[in-house]
Structures are given as structure tokens and as C-alpha cells.
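Residue numbers (full-length UniProt numbering): 1 to 505. Glycine included, every Cβ here is placed at the ideal spot set by N, Cα and C. This structure is a prediction, so every number in the text was calculated from the model and none was measured.
Pasting the structure below:
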């Protein structure tokens, strides 16, 4: 017989103990609006500050590179690398910021009524750009489409703005300044005035000492006349080292405070160099003229062989003139035997006039070359001796009754009152000093331009580039609007997203 099965009874002790176990309870975390607001604001602020930092970095790079007058060609790659890297970083941060703003707004969109399951699914994934586009295409609600349109427009505008940064600047070959490196350069040979360019062909060959002296005098005077074609500038426009030579730029410079004229020497690339140009060096030469002026009380019309000059102390002296040229002209004369030195010269001046004649005595002093470090940088005595009184030098007689090749005779030149160097100073010693000094510095400048070159140690010009910002306003607008629009959208998104709880309660 089989045993009969009995129903199992629960153990009374076990049952009673089980019934006494505590029932788990559930508590809901309370919503803190202020905490949520602070969290969203802090996150958005961090993203915005990163955008500001990247935008400022882009602006700083462009500003710093554009402030340089010239850069090595290799700097172009460095600049492009920095700009591309910063632009990519800014673009990614803008995309991340928009993604965060959409993520905050999706809960507010879900709180609105009339949301289909498909639309709700797209809203939850709207932080992805493709899903955001599908949401705008799928939804029939204008508020959803408007928000999608705003975010898409800002996304496209920000990326387009960064792409347009490139139209605000250009990287061009340097045409005003260039960079230099130490090396062998060609500089003008300033040891002597080369007379070949001023004399007839073959005339300068086999000259005796007397003929060479007169040739230098004639050449110095000729170079001074030629210098009329050189532009003059104020000392404030003095070219800095590395300035590329431009014949239209000023060549001689007047310092009104010091009453001096100055000239800057140029250096050029050697003949076999791949890149050739002529740039300003740091070597300059300056000179000044100090004049005294006195009234002419007799023979001032220029029609007499002698004039009477009355000095400031009342004494009178008779000056003999080398030529009778009549009124409305200015005559300069120099005695080489007693009025010339290696770095100075003295010139007597007669300003003929029927109404207001004057006499002057001017001392011209030429300073040593500034920043000359080798002998080849210096200007020789055969240049400075003849450049100082160049306005009065003649060299060869203008007629059979004038000078011969005798170097001991008086030198003189006359200029009509209408000319640059015959313009009447009317007793102004400073103006006459300016005229005489301008002639002397012009003679030195043309000598430097006409003399042959020699090779010496210097700063070799290299091929350079410049960064030109074509429109600073566009650059400011692009970066400013990018930063400003991100801040505006972030603030609006935070304020709207923070209303979700109140609208549902």
C-alpha cells in the first residue's frame, strides 16, 4: 500500500518570524530648482569661457603676426598651423556647446503637449545633429520647428564664420621690409669719389694728382646737383634696418631739432644669391652746417668785382668776387688751401640783390659713420673733404678766363635765385645752413649710389613674408558675434529649461 500524501504545513515559528520582517519603503528625491540652475549655468559658462579663450587666441595670433613688418618665409607654415588648430578647436567647442544647449532644452520640449511617440524619441536623441534635423522634418509643431531652425542656423553660421576668417587676412611676400641674417653682403665703396660716372669716357684714366683733385671737385659738385632728384624726408621717417630700397622713398633726412641732414647706407645681396634685394642698414652718416649772416652795404647788386660786408660789431671788410654775375643769384666760393679739411669745409656766400643783399660764412662738419664696425663701413677722406664744400666746387673752369687745372686757385659756383640752391635766404643763417648742408649730404648720397660695390660682413636680406589684415572690422565682427551668440543661446536655453518643473506642477 502506498503511503498517503499529506499537505505540508508551514512552520509556525518560521512563519511568524517572516511576517515580522520590515517592508521596504521608497523615498523620492526632492527637486532643487536653484541647484539645477547653478549646474546648468556653470556648465554653460565653462563652455563659453573656452570659446572666449579660443577666440582671443585666434585674435592674438593674427594681431601678433600682423604687427611684424617682415617674417621669414618659414613663419607662414607656423602661422597656418596655429590658425588651423585654434579654428578647429573653436569649431568643436561651438558644436559641443550647441549639443549641450539642445540636451537641456529637450526636457522642456517633452513637457509640451501633443508629442507623438516618434517625435518624443527624436527629442530624446536631439543632441545628435542628424536626429535634430529629422526632428525638424518630422514634427508638425511650429515651436519645435522654430527651435530646430534656430539651432541649425547658428550651427551653420558659426562654422561659416570661422571659414570666412581666411578672407580677413593675406600672407604676402614682403615688399617694404624683409628679414636679414649675418653674412657677406655688397656695400658701396666709400673710400673715394669715383669720377668715372661724371667725366667723359676715358677722361679719368692716367690723371696726374692735380687732375685727380679737380676731377673729384667736379664730381662732388655734379653729384650735389644730381641730388635734387632725391626726395627729402623728416628724420621721423628715417628707414629702419631691413627696409627694402624704393627709389620713390626719401633718400636724405632733415632733423629740425639738431639742424642736421642724414643719409642711411644700404646693403644688397651678393650677385650669386638666390634672392636679391637692397635693404637699409643700421649705418648712417650725418652732417650739419653753421652759418653767420651779415649785411652787404656796397656792391650788393652783383655788378661789381668787390662787395663791402658789415659785421655785427660794425667793422667792415671788402670781399673780392671771382666773377661778376649780376643780381638775383647766389654765389658760393671756397679757398681749398685754407677752407677745407678731411671732414669739414668752409664756404663764403654772396646773395646778390638790388634790394636786400647778404653775405654768409658757413662751416660744414661731417660726422663719422654711425655703427661702422669695419674699415669698409667708413667714408674716406676723399669723399668727405670734397662733399662738405661741394656747393662751391668747380674743378674745371667754365670758360677760358676761369679756372684751369691748377688746384690752388679759388673754387666758386653761382646759382640763380629761382633754383633750389640759389634760393635767397634773406639773411636767415639757419636757412642758408640748410641749403649748404642739403647739397653736401646729396653729394654723399649720390656717391653711395654711383660708386661700385665691395663685399663685406653685414646683414644679408632674406626672402620674407608679411601678414596683412585686409579688414579688422570683419575680424572683430566674426569673433565677436561668435562669442556673443553662443552666450545668448546658452542663457536663453538655461532660462527655458529651468521652467520645466513649474510648468508641470
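How about residue i and residue j: are their beta carbons less than 8 Å apart?
| i | j | result |
| --- | --- | --- |
| residue 442 | residue 265 | no |
| residue 294 | residue 306 | no |
| residue 456 | residue 185 | yes |
| residue 245 | residue 279 | yes |
| residue 66 | residue 162 | no |
| residue 383 | residue 470 | no |
| residue 59 | residue 467 | no |
| residue 243 | residue 301 | no |
| residue 331 | residue 197 | no |
| residue 324 | residue 334 | no |
| residue 62 | residue 481 | no |
| residue 232 | residue 250 | yes |
| residue 420 | residue 228 | yes |
| residue 40 | residue 489 | no |
| residue 182 | residue 459 | yes |
| residue 289 | residue 425 | no |
Give the single residue among the options whose Cα lies nearest to the Cα of residue i.
| i | options | result |
| --- | --- | --- |
| residue 71 | 464, 429, 349 and 365 | 464 |
| residue 281 | 260, 275, 339 and 241 | 241 |
| residue 427 | 493, 291 and 472 | 291 |
| residue 434 | 372, 89, 257 and 42 | 257 |
| residue 337 | 330, 345 and 477 | 345 |
| residue 158 | 209, 87, 212 and 42 | 87 |
| residue 418 | 352, 369, 475 and 437 | 352 |
| residue 449 | 411, 429, 247 and 340 | 247 |
| residue 83 | 98, 164 and 38 | 164 |
| residue 299 | 340, 357, 313 and 254 | 357 |
| residue 260 | 182, 68 and 235 | 235 |
| residue 312 | 349, 304, 303 and 359 | 359 |
| residue 68 | 212, 478, 308 and 176 | 176 |
| residue 340 | 391, 207, 308 and 95 | 391 |
| residue 473 | 374, 255, 85 and 167 | 167 |
| residue 478 | 79, 160, 80 and 95 | 160 |
Going by beta carbon distance, what residues of the same chain come within less than 6 Å of residue i, once the five residues before and after it are set aside?
| i | result |
| --- | --- |
| residue 387 | 220, 440, 443 and 444 |
| residue 76 | 171 and 465 |
| residue 194 | 451 |
| residue 461 | 178, 180, 269, 277 and 279 |
| residue 191 | 380 |
| residue 253 | 233, 235, 238 and 262 |
| residue 502 | Model confidence at residue 502 stands at a pLDDT of 47, short of 50, so the residue's coordinates are unreliable and nothing is read from them. |
| residue 189 | 451, 452 and 454 |
| residue 506 | The question about residue 506 has no answer here: the residues shown for the chain are numbered 1 through 505. |
| residue 81 | none |
Which residues in the same chain have their Cβ closer than 7 Å to the Cβ of residue i, if we skip the five residues on either side of it in sequence?
| i | result |
| --- | --- |
| residue 310 | 294, 295, 297 and 316 |
| residue 367 | 285, 286 and 287 |
| residue 376 | 187, 454 and 456 |
| residue 491 | none |
| residue 93 | 47, 50, 51 and 54 |
| residue 57 | 86 |
| residue 485 | 154 |
| residue 255 | 235 and 262 |
| residue 9 | A caution first: residue 9 carries a pLDDT of 47, below 50, which makes its placement in the model too unreliable to give a value. |
| residue 73 | 463, 464 and 465 |
Can you give the beta carbon distance from residue i to residue j, rounded, assuming they're within the 8 Å contact cut?
| i | j | result |
| --- | --- | --- |
| residue 327 | residue 364 | About 26 Å separates the two Cβ atoms, so there is no contact after all. |
| residue 44 | residue 100 | 7 Å |
| residue 154 | residue 98 | 7 Å |
| residue 321 | residue 350 | 7 Å |
For residue i, I'd like the list of residues in its chain whose CB is within less than 8 Å of its CB, leaving aside the five on either flank, ordered along the chain.
| i | result |
| --- | --- |
| residue 487 | 48 |
| residue 199 | 215, 218 and 219 |
| residue 393 | 217, 218, 220, 221, 334, 386, 411 and 413 |
| residue 283 | 264, 265, 369, 370, 371, 372 and 377 |
| residue 423 | 330, 417 and 435 |
| residue 89 | 54 |
| residue 226 | 442 and 446 |
| residue 430 | 259 and 291 |
| residue 207 | 215 |
| residue 150 | 489 |
*Mind pulling the beta strand (DSSP E) runs of 3 or more residues that sit fully within the segment 217-262?*
For the segment 217-262, whole beta strand (DSSP E) runs of length 3 or above, ordered along the chain, are 232-234 and 252-255.
*What are the complete alpha helix (DSSP H) segments, minimum 4 residues, inside the segment 161-210?*
Runs of the alpha helix (DSSP H) spanning 4 or more residues and lying entirely within the segment 161-210 do not occur at all.
_Sequence ranges, alpha helix (DSSP H) only - wholly within the segment 318-389, length at least 4_ = With a minimum length of 4 residues, the continuous alpha helix (DSSP H) runs that stay inside the segment 318-389 are 381-387.
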